[in-house]
Every structure is written in C-alpha cells, then in structure tokens.
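Engineer: Please see the structure below; I have some questions.
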Amino acid sequence: MSENSAEQTTSPAQQQQEIKKSTLTTSVFIALIIGLGSGIFLNILISQNIVSTEIAIFLRKFIIGDTFGGTQSDIGFLSVVGELFINSIKMMIVPLVFVSLVCGISSVGDIKKLGRIGTKIILYYLVTTAMAVALALLVANLLNPGQGIHLNVEAAKFASQSAPDLAQVIINLIPTNPFDSMTKGSMLQIIFFSLLTGLAIATLGEKVEGIIRFFNRLNDIIMQMISIIMLAAPYGIFCLVTKVFAGQGIEMIKPLAMYMLTIVVALLLHLGIVYSGMLSLIGRLSIVTFFKKFYSAMMIAFSTASSNATVPETFKCVTEKLGVSRSVASFSIPLGATINMDGTAIMQGVAVIFISQVYGINLTMTDFLMVILTATLASIGTAGVPGVGLITLSMVLIQVGLPANGIALIIGIDRILDMSRTVVNICGDAVISLIVAKSENELDQAVYDNPNAGAEITK
Ligand code: ASP
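Counting from 127, one number per residue, gives the positions in the sequence shown under our numbering.
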C-alpha cells in the first residue's frame with residue numbers, strides 16, 4: 127500500500143477518534159501508575175503499623191482481599207473488581223481463538239503457504255527463547271545475584287509439581303473431544319481443531335460461502351465485545367496492581383534485590399537488543415511505532431501476569447493497530463501465548479545461577495547448555511498463566527542437579543517478576559508475528575505507519 131495513505135489529512139471524525147483513543151490508553155497508563163502508588167502506600171500503612179490493628183484488618187479484609195492470607199469469606203474490593211476484569215477478558219479467549227483462526231485460515235486457503243508460515247513462527251519462537259536463556263545466563267554470570275547471599279536454605283521447602291512430559295504434550299495436541307478442549311480452554315487443542323475447521327472451509331470454497339460470511343461477522347462481533355470490555359481496563363488494572371503492591375512484603379525484597387535486578391536487566395536487554403534488533407534489522411519496522419501501539423497490551427500483561435488473559439488485547443493490537451493479517455495473527459498469537467515465553471525463560475536462566483550460587487554448587491558449561499535446552503522445551507507445554515514459570519523451573523533445576531527446594535527462596539517475590547516477564551512474553555509473540563507477516567506479504571504497512579489505526583471505541 128502507498129505510504130501516502132498514512133499521511134493523508136485526517137478528517138474531523140478521525141481526529142475525534144484519535145483523541146478518544148488516546149484517552150483510553152492514557153487512562154490505562156494513569157491507572158497503572160496510581161495503582162502502583164496506592165499499593166505501596168497501603169503496604170506501608172499496614173506493614174509499618176502506621177494504622178491501628180483494627181484498621182489494618184479492615185483494609186486487608188475488605189479493601190485488599192486475600193493478599194495477606196485472608197480466608198475465603200473475605201471480600202476484598204480490589205480483589206473482586208480485579209478478578210471481574212480478568213474473568214471478562216478470559217471469557218473472550220476461546221471464542222476469539224476459534225473464530226479468528228477459522229476466519230484467518232479459511233481466507234488463505236493455500237496449504238503450502240500456511241505450512242511455511244507455521245514453520246517460520248515455531249522456529250522463531252524456539253530460537254528466540256534459546257537466545258533469551260543464553261542472555262540470562264550471561265547477565266547472571268556477570269552480576270552474580272546469589273553471591274554473598276545468606277538465605278536459610280535448610281528451611282526452604284517447595285512442593286514441586288511435576289511439569290508435563292514432552293511426549294504427553296505432543297500426544298495431547300490433538301483433542302479427542304474438541305468441546306471438552308473448549309470448556310477446559312486447552313489452547314493447543316483448540317488451535318488444532320480450529321486449524322482443521324479453517325482448512326476444511328478453505329478447501330470447500332464457494333460451496334460454504336455462507337459459513338465463511340457467518341464466521342467473518344462473528345469475528346467482528348467478538349472484536350467489538352473485546353473493545354467494550356477494554357473500557358473497564360483502567361479500573362481492572364488499578365485494582366490488580368494496587369492489590370499486588372499492597373501485599374508485597376518489602377522485607378522479602380531486600381535480600382533478593384540483586385536477583386530481581388538481574389532479571390529486570392536481562393528482560394530489558396532482550397527487549398532492547400533482541401526484539402528491537404529483529405524489528406528494525408529483519409522487519410525494517412519502526413521500533414518506536416511498535417512500542418507506542420503495543421503498550422496497551424503490555425499494560426494488560428503486566429497487571430494480569432497472564433499471556434493467555436492478554437491474548438484478546440494482543441490480537442487486537444497486532445491486527446488492528448500494527449497491520450498483521452488475521453491469517454498470521456490468529457495462529458501466532460494464541461500459539462505464542464502457550465509456547466513462546468522468553469521472559470519466563472530469562473527468569474529460569476537467572477534463577478538457576480542464583481540458586482546454584484546460594485547453595486554453593488558449581489555449574490559446568492554442559493549444565494548451561496542443558497539449561498538452555500530444558501528451559502526452551504519447558505515453555506512449550508505450559509499455558510501462559512500466572513506462576514507457571516516456577517513450576518517448569520523445577521524441571522530445569524532437577525535437570526542440572528540443583529535442589530528444587532531452591533524455588534522456595536524466590537517464590538515470595540515472584541509475582542512482581544511474573545508481571546514483568548509476562549510483558550516480555552507477549553512482546554515476543556507480537557514481534558515474531560510482525561516479522562513473519564512482513565516476510566510473507568501479510569503485513570499492511572500503511573496500518574503499521576498510521577498512528578490512528580485501530581482506534582478504540584468510546585463510552
Ligand atoms: N505468567 C507468565 C505468562 O503468562 C508465565 C510465567 O512466567 O509464569 O506468560
């Protein structure tokens with residue numbers, strides 16, 4: 127498409143849309159910042175005994191929710207509103223993945239091209255994850271987060287849950303009952319069933335034209351529903367972020383500050399070097415435009431700590447604001463939420479070094495290679511939900527002979543890191559979608575360059 131289309135003079139209606147669009151994304155950003163501030167404020171009020179015990183109990187029970195280990199009957203306002211928001215975006219995942227994949231795949235029709243796109247996406251996902259672990263190991267070896275740290279390793283107890291084994295993950299790719307997969311939200315199985323449905327529709331062509339039209343309209347409805355739900359994003363984000371920071375023990379953070387810093391540095395380097403490098407060198411796309419248009423999804427990822435819950439917003443940003451075709455994004459985004467977790471892999475790389483240093487166990491070069499391999503594979507079979515990275519970490523630790531109990535040392539502060547690594551996880555999905563789309567002529571450059579593309583609906 128011509129570059130000019132992006133530069134056309136904007137009509138008053140477009141200008142109005144632009145103002146409204148920025149209003150929503152700005153309020154989401156403001157909500158996040160106020161949430162951070164209020165969370166820390168509540169935390170200080172309670173942990174420093176600034177308020178009386180009665181008020182502290184009231185705040186924990188009725189304002190914050192279960193953060194401080196409250197019982198089931200506690201009704202925390204922040205908890206309830208936050209969960210309402212998460213539920214409403216999660217509600218859209220299964221319909222969105224099914225319908226958008228059916229539409230996306232049936233509109234390509236060329237099986238060879240689909241195979242090529244799929245292979246490219248999966249290869250990019252695996253290679254970037256391996257790079258992420260390698261980068262994490264490098265940064266952690268330079269910063270030595272676990273050196274000179276004295277934590278009570280004897281007391282550390284972590285009930286490790288077994289990570290799914292790879293053979294089972296592969297067998298489970300094909301559902302025996304697609305309705306069961308949909309009720310359970312098993313992403314890979316839904317993807318498989320939707321792919322097959324889309325392919326069948328594509329090969330039947332004109333005969334099922336009515337069905338194609340039906341799915342396309344259904345897709346419009348789903349996208350509109352997501353836009354409506356996103357109107358509540360500022361409130362949801364405020365509650366979720368306030369709750370996390372209100373409950374985060376500052377005392378717990380101190381001994382682990384270096385561990386947290388190492389992860390944050392590695393995450394930023396991965397974003398700033400690997401993804402930005404890929405965008406500009408391979409995709410020849412503006413990095414600034416990417417982050418400007420994608421940050422609403424990044425904020426949802428940060429507050430929910432779940433790539434899965436972010437799928438609707440990631441998909442919306444990538445297709446409507448960044449111009450990736452539905453046929454690429456409908457496959458790459460839900461698949462990426464499940465198998466592409468570079469941020470999680472980075473945490474695992476740093477955690478391996480940290481735990482080995484705290485326990486005083488030396489790792490060899492072969493161990494490092496093993497960590498790269500297992501952390502890459504570990505991300506494949508697990509869903510993008512909060513805390514899953516810690517479960518697969520036990521698999522990585524055991525592989526190199528480190529005690530899985532080491533996880534108990536870092537579990538207390540994991541939520542904040544989970545929020546940060548989820549941002550990187552979804553950025554990876556978006557960047558790779560863009561690069562693959564560009565290489566396959568499935569990227570609308572005019573949409574990418576147009577600052578007004580994908581304006582949100584307004585109240
Ligand atoms: N919460 C992350 C995600 O949803 C996974 C993890 O690192 O625990 O992508």
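From the three backbone atoms N, C-alpha and C, an ideal C-beta is built for every residue, glycine too.
Remember, predicted model here, so these are calculated numbers, not experimental data.
So what's residue 577 in DSSP terms, helix, strand or just coil?
Structural biologist: Indexing the sequence shown from 1 puts residue 577 at position 451. In this structure, residue 577 counts as coil in the three-state DSSP scheme.
Engineer: Quick one: what's residue 450 bridged to in DSSP?
Structural biologist: Here residue 450 refers to the residue found at position 324 when the sequence shown is read from its first residue. DSSP output for residue 450 lists 569 as bridge partner(s).
Engineer: Return the residue from the list 347, 308, 259 and 377 that minimises the CA-CA distance to residue 172.
Structural biologist: For the purposes of this step, residue 172 is identified with residue 46 of the sequence shown, where counting begins at 1. The shortest Cα separation from residue 172 among 347, 308, 259 and 377 belongs to 377.
Engineer: Only counting the same chain, and skipping five residues up and downstream in sequence, which positions put a Cβ closer than 7 angstroms to that of residue 256?
Structural biologist: As a working mapping, residue 256 is identified with position 130 in the sequence shown. The answer, listed in chain order, is 498 and 502.
Engineer: Under 7 angstroms between the Cβ atoms of residue 405 and residue 416?
Structural biologist: One-based indexing of the sequence shown puts residue 405 at position 279. One-based indexing of the sequence shown puts residue 416 at position 290. Yes.
Engineer: Restricting to Cα atoms, I'd like to know which of 358, 215 and 201 is closest to residue 184.
Structural biologist: On the sequence shown, residue 184 is found 58 positions in, with the first residue counted as 1. Among 358, 215 and 201, the Cα nearest to that of residue 184 is on 201.
Engineer: When burial is assigned at 16 or more other CB atoms within 10 Å of the CB, is residue 446 buried or exposed?
Structural biologist: Residue mapping note: residue 446 aligns to position 320 of the sequence shown, counting from 1. Label assigned to residue 446: buried.
Engineer: Can you tell which of 453, 521 and 460 has its C-alpha closest to the C-alpha of residue 439?
Structural biologist: Residue mapping note: residue 439 aligns to position 313 of the sequence shown, counting from 1. Considering only alpha carbons, the answer is 460.
Engineer: Would you say the beta carbon of residue 431 is closer than 6 angstroms to some non-hydrogen atom of the ligand ASP?
Structural biologist: Position 305 of the sequence shown holds residue 431. At least one heavy atom of the ligand ASP is nearer than 6 angstroms to the Cβ of residue 431, so yes.
Engineer: Within the same chain, show all residues whose beta-carbon is closer than 6 angstroms to that of residue 258, passing over the 5 residues directly before and after it, in chain order.
Structural biologist: Working through the sequence shown from its first residue, we reach residue 258 at position 132. Taken in chain order, the residues that qualify are 396, 468, 471 and 472.
Engineer: Within 10 angstroms of the Cβ of residue 429, are there 16 or more other Cβ atoms? Answer buried if so, exposed if not.
Structural biologist: As a first step, residue 429 is located in the sequence shown; it is residue number 303 there, counting from the start. Per the 10 Å Cβ criterion, buried.
Engineer: Note down the Cα distance separating residue 276 from residue 484, rounded to an integer number of angstroms.
Structural biologist: The sequence position of residue 276 within the sequence shown is 150, counting from 1. The sequence position of residue 484 within the sequence shown is 358, counting from 1. Computed Cα separation, rounded: 7 angstroms.
Engineer: Buried or exposed: which applies to residue 336, given that a residue is buried once 16 or more other Cβ atoms fall within 10 Å of its Cβ?
Structural biologist: As a working mapping, residue 336 is identified with position 210 in the sequence shown. Classification for residue 336: exposed.
Engineer: Mapping DSSP to helix, strand and coil, what is residue 511?
Structural biologist: On the sequence shown, position 385 is the one that residue 511 refers to. Of the three classes helix, strand and coil, the one that applies to residue 511 here is coil, per DSSP.
Engineer: Could you spell out the range, first to last residue, of the alpha helix (DSSP H) harbouring residue 493?
Structural biologist: The sequence position of residue 493 within the sequence shown is 367, counting from 1. Run containing residue 493: 491-504, per the alpha helix (DSSP H) assignment.
Engineer: Any chance the CB of residue 512 is under 6 angstroms from a heavy atom of the ligand ASP?
Structural biologist: Position 386 of the sequence shown, counted from the first residue, corresponds to residue 512. Yes - the ligand ASP has a heavy atom lying nearer than 6 angstroms to the Cβ of residue 512.
Engineer: Please check the pair residue 315 and residue 342, which I expect to be a contact at CB under 8 angstroms, by giving their CB distance rounded to whole angstroms.
Structural biologist: One-based indexing of the sequence shown puts residue 315 at position 189. One-based indexing of the sequence shown puts residue 342 at position 216. With 8 angstroms as the limit, residue 315 and residue 342 do not qualify as a contact, their Cβ atoms being about 24 angstroms apart.
Engineer: Within a Cβ cutoff of 7 angstroms, which residues of the same chain sit near residue 425, ignoring the five residues on either side of it in sequence?
Structural biologist: One-based indexing of the sequence shown puts residue 425 at position 299. Taken in chain order, the residues that qualify are 154, 155, 158 and 363.
Engineer: Alpha helix (DSSP H) containing residue 189: first to last residue?
Structural biologist: Taking the sequence shown and counting its residues from 1, one reaches residue 189 at position 63. Unbroken run through residue 189: none, as it is neither H nor E.
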